[in-house]
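Visitor: Residue numbers (this note's numbering): 26 to 265. Can you keep this structure in mind? I'll have questions shortly.
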Ligand SMILES: NC(=O)c1ccc[n+]([C@@H]2O[C@H](COP(=O)([O-])OP(=O)(O)OC[C@H]3O[C@@H](n4cnc5c(N)ncnc54)[C@H](OP(=O)(O)O)[C@@H]3O)[C@@H](O)[C@H]2O)c1
């Protein structure tokens with residue numbers, strides 16, 4: 026069955042990841058221009074890709090236990106991160122990486138609709154902000170470090186029963202997961218647009234490298250398909 030008919034994690038790799046028991050399976054998803062940009066320098070990102078790609082993205086959510094984003098994405102876009110009827114089944118948990126608990130309790134992804142809502146904070150998050158979120162039914166995980174790193178938060182999310190995560194950005198979160206070698210799979214939707222502009226964020230532009238081609242993270246690409254007017258590139262990270 027093609028990746029378009031049943032979008033979701035690679036079954037064999039997911040099984041192996043869950044058997045290892047250390048962390049959830051991590052799928053990255055981004056919608057970018059052909060030059061890898063996910064928003065304008067001013068933060069405009071709606072919409073880079075078309076309705077068919079966005080619908081497939083919502084079905085991808087249904088195939089994961091949780092949807093994770095960084096606070097930069099929440100502050101810029103206020104996304105709902107819900108299925109919105111695109112697929113049957115329970116809403117996946119919604120998780121925000123937010124070191125200082127800057128998220129507003131009224132953020133759309135924290136709406137109390139029955140889905141589990143989790144904020145992953147850092148050591149310096151103000152106790153009153155944490156208490157306010159908890160009073161609204163949000164689970165707050167507080168790391169010992171200023172910024173929660175994957176080695177800290179991924180095992181804890183697995184401990185909460187989340188065996189698979191769809192990471193929807195932004196670029197800093199994607200870059201961090203790739204750098205830490207804990208990204209398993211990628212769904213990259215590419216629109217027929219070219220943004221240019223060094224100031225515009227890329228889907229993993231903050232990933233720093235050694236400057237040697239031999240050292241760059243690699244994926245085994247296994248599909249490229251039209252989704253409406255956009256192209257979906259799919260592959261699995263070799264280091265995941
Ligand atoms: N086209 C697309 O597919 C798409 C998808 C999503 C977002 N976007 C766009 O991307 C932009 C936002 O991306 P962004 O890169 O600025 O923000 P981001 O990746 O959404 O969030 C980054 C922030 O998350 C927090 N964070 C906490 N722990 C982290 C960790 N371990 N690794 C990385 N970040 C961590 C940090 O802030 P604190 O330390 O303060 O907590 C960091 O500044 C927006 O313009 C949005 O529209 C586009």
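By construction, the Cβ of each residue, glycine as well, lies at the ideal position given by its N, Cα and C atoms.
Can you list, in chain order, the residues of its chain with a C-beta nearer than 7 Å to that of residue 232? Leave out the 5 residues immediately preceding and following it.
Guide: Result list for residue 232: 200, 203, 204, in chain order.
Visitor: Answer yes or no: the CB of residue 96 versus the heavy atoms of ligand 1, is any distance below 7 Å?
Guide: Checking every heavy atom of ligand 1 against the Cβ of residue 96, one is found closer than 7 Å.
Visitor: Let me check you understand the geometry: is the CB of residue 122 closer than 7 Å to at least one non-hydrogen atom of ligand 1?
Guide: Yes, the Cβ of residue 122 comes within 7 Å of a heavy atom of ligand 1.
Visitor: Can you tell me whether residue 175 is buried or exposed, with buried defined as 16 or more other CB within 10 angstroms of its CB?
Guide: Answer is buried; the Cβ neighbour count reaches 16.
Visitor: Alpha carbon to alpha carbon, how far is residue 71 from residue 159? Give it in angstroms, no decimals.
Guide: Rounded to whole angstroms, residue 159 to residue 71 spans 31 Å at the Cα level.
Visitor: Select from 136, 34, 74 the residue whose C-alpha is nearest the C-alpha of residue 251.
Guide: Checking every option, the nearest Cα to that of residue 251 belongs to 74.
Visitor: Classify residue 84 as helix, strand or coil using the three-state DSSP reduction.
Guide: Three-state result, residue 84: helix.
Visitor: How far does the alpha helix (DSSP H) with residue 102 in it extend, from its first residue to its last?
Guide: 96–102 is the span of the alpha helix (DSSP H), which, as asked, contains residue 102.
Visitor: Which residue's Cα is closest to the Cα of residue 118: 182, 60, 149?
Guide: Comparing Cα-Cα distances from residue 118 to each of 182, 60, 149, the minimum goes to 182.
Visitor: Examine the Cβ distances between the stretch 234–253 and the stretch 84–94 and report whether three or more of them are shorter than 8 Å.
Guide: The answer is no - the stretch 84–94 does not touch the stretch 234–253, with fewer than three Cβ pairs under 8 Å.
Visitor: How many Å lie between residue 198 and residue 134 at the Cα?
Guide: Spanning the two alpha carbons is a distance of roughly 17 Å.
Visitor: Would you say the beta carbon of residue 197 is closer than 7 Å to some non-hydrogen atom of ligand 1?
Guide: Yes; taking the cut-off as 7 Å, the Cβ of residue 197 has a heavy atom of ligand 1 nearer than that.
Visitor: Tell me whether residue 248 sits in a helix, a strand or coil according to DSSP, three-state version.
Guide: Reduced to three states, the DSSP call for residue 248 is strand.
Visitor: Am I right that residue 54 and residue 192 are in contact with their C-beta atoms under 8 Å? What's the rounded C-beta distance?
Guide: Yes, residue 54 and residue 192 are in contact; Cβ-Cβ is about 7 Å, under 8 Å.
Visitor: Sorted by chain position, which residues of the same chain lie with C-beta nearer than 8 Å to residue 16's C-beta, five sequence neighbours on each side aside?
Guide: Outside the shown range of the chain, which is 26 to 265, sits residue 16, and nothing can be said about it.
Visitor: Could you check what DSSP says for residue 151 in three-state terms: helix, strand or coil?
Guide: The answer is coil: DSSP assigns residue 151 none of H, G, I, E or B.
Visitor: Here's a check: name, in chain order, each residue in its chain whose Cβ is nearer than 8 Å to the Cβ of residue 219, leaving out the five neighbours to either side.
Guide: Excluding residues within five positions, the ones whose Cβ falls inside 8 Å are 58, 59, 60.
Visitor: Just checking my contact of residue 156 with residue 124 at CB under 8 Å: how many whole Å lie between their CB atoms?
Guide: Their Cβ separation, rounded to whole angstroms, is 17 Å, which puts residue 156 and residue 124 out of contact at 8 Å.
Visitor: In three-state DSSP terms, what is residue 237?
Guide: Residue 237: coil per DSSP, three-state reduction.
Visitor: Do you know offhand how far residue 102's Cα is from residue 226's?
Guide: Using only the alpha carbons, I get a separation of about 14 Å.
Visitor: Distance check for residue 69 and residue 154, CA to CA, integer angstroms please.
Guide: Taking the straight line joining both Cα atoms gives about 28 Å.
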